[in-house]
Structures are given as C-alpha cells and as structure tokens.
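Participant: Here you go, one structure.
In UniProt numbering, the protein residues as written are 1 to 127.
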C-alpha cells in the first residue's frame with residue numbers, strides 16, 4: 001500500500017514539474033487543488049490563481065529536480081511529500097536566470113474519483 005502511494009505521488013509530482021516547465025495551464029489546473037496555498041522560499045504566499053499567474057506570466061520554469069523525496073501518509077486521503085528541490089527559473093520581464101535550492105514540503109489530497117491534487121507547497125531556502 002505504501003509503495004502504491006509513493007509511486008502515485010512520484011508520478012503526480014513529476015506531472016506537476018513537467019507542467020510547470022511546459023507552461024501547461026490545463027495540466028496545472030488539474031494538479032493543483034482549488035484551495036492551494038503555495039509558500040515560496042522568499043516567504044511570499046499565493047493561492048492557486050496567484051501561483052498560476054506567477055508560474056505562467058511572471059517566471060519561466062526552466063528545470064525542476066526533486067531529490068530523494070520522502071512520502072508519509074496523512075490519514076486515508078492525504079500525504080506529505082518532503083525533500084530537497086533545485087529549480088532553475090527565468091524572470092520573464094528581464095531574462096534574469098535564477099537557481100533556487102530549497103527544502104519543500106508538499107501536501108497532497110486524494111479527491112473524489114481518486115485523483116491526487118496538491119493542496120499545499122512550502123519551500124525553505126537551503127544554505
């Protein structure tokens with residue numbers, strides 16, 4: 001059972017990373033819960049709409065690497081995924097390239113029909 005959960009959330013996390021890089025609004029809308037809370041390493045807090053604007057209009061995600069994620073169940077319909085993440089971004093307005101190394105905690109919820117959606121993402125900058 002735990003292996004199935006890990007496999008499913010690895011897959012959904014990979015889909016999220018791919019959708020951010022591909023700028024796929026439709027896929028992101030499907031992967032992110034309507035009540036999403038996304039906390040950036042800078043401390044900025046965004047809801048789903050604000051995060052979509054950030055991801056699709058303000059920044060360009062070039063690459064996202066998840067390192068050794070740990071998955072822990074949280075009740076029957078929830079899970080917590082945590083681990084280091086390296087993200088390469090570009091500011092659309094200036095073309096400035098950025099690399100962010102963070103430790104991220106993600107909360108995923110299984111919704112009706114068995115579909116897993118991300119409910120929360122909280123990143124902390126690594127030294």
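Every residue gets a Cβ at the ideal spot worked out from N, C-alpha and C, and that includes glycine.
1. Mapping DSSP to helix, strand and coil, what is residue 166?
2. For residue 26, which of helix, strand or coil comes out of DSSP?
3. Could you tell me the alpha carbon to alpha carbon distance between residue 79 and residue 3, rounded to whole angstroms?
4. First and last residue of the alpha helix (DSSP H) that includes residue 52?
5. Do you know offhand how far residue 35's Cα is from residue 8's?
6. Between which two residues does the beta strand (DSSP E) harbouring residue 68 extend?
7. Beta-carbon within less than 6 Å of residue 27's beta-carbon, same chain only, minus the 5 sequence neighbours each way: which residues are those?
8. What three-state label does DSSP hand residue 41 in the structure shown?
9. Looking at the unbroken beta strand (DSSP E) that takes in residue 79, where does it start and where does it end?
10. Determine contact between the region 69-79 and the region 45-56, defined as no fewer than three beta-carbon pairs at a distance below 8 Å.
11. Just to check my reading of the structure: residue 41 and residue 93 have Cβ atoms closer than 8 Å, yes? What is that Cβ distance to the nearest angstrom?
12. Which one of 95, 96, 102 has the shortest CA to CA distance from residue 87?
Facilitator: So, from the data block:
1. The first residue shown for the chain is 1 and the last is 127, placing residue 166 beyond what the model contains.
2. Sequence index remark: in the chain shown, residue 26 carries index 26 (1-based). If DSSP states are grouped into helix, strand and coil, residue 26 belongs with the helices.
3. Translated into the one-based positions of the chain shown, residue 79 becomes position 79. Translated into the one-based positions of the chain shown, residue 3 becomes position 3. Their backbone Cα atoms lie some 13 Å apart in a straight line.
4. Start at 1 with the first residue of the chain shown, and residue 52 comes out as number 52. Residues 48-53.
5. In the chain shown, the residue the question calls residue 35 occupies position 35. In the chain shown, the residue the question calls residue 8 occupies position 8. Approximately 21 Å between the Cα atoms of the pair.
6. Position 68 of the chain shown, counted from the first residue, corresponds to residue 68. Where residue 68 is concerned, the enclosing beta strand (DSSP E) stretches over 59-73.
7. In the chain shown, residue 27 corresponds to position 27, counting from 1. Contacts found: 19.
8. To locate residue 41, count along the chain shown from 1; it is residue 41. Three-state DSSP puts residue 41 in coil, outside helix and strand.
9. Start at 1 with the first residue of the chain shown, and residue 79 comes out as number 79. Unbroken beta strand (DSSP E) run through residue 79: 78-91.
10. no
11. Counting from one through the chain shown, the residue named residue 41 turns up at place 41. Counting from one through the chain shown, the residue named residue 93 turns up at place 93. For residue 41 against residue 93, the beta-carbon gap comes to about 20 Å, at or over 8 Å, which does not count as contact.
12. For the purposes of this step, residue 87 is identified with residue 87 of the chain shown, where counting begins at 1. When each option's Cα is compared against that of residue 87, the closest is 102.
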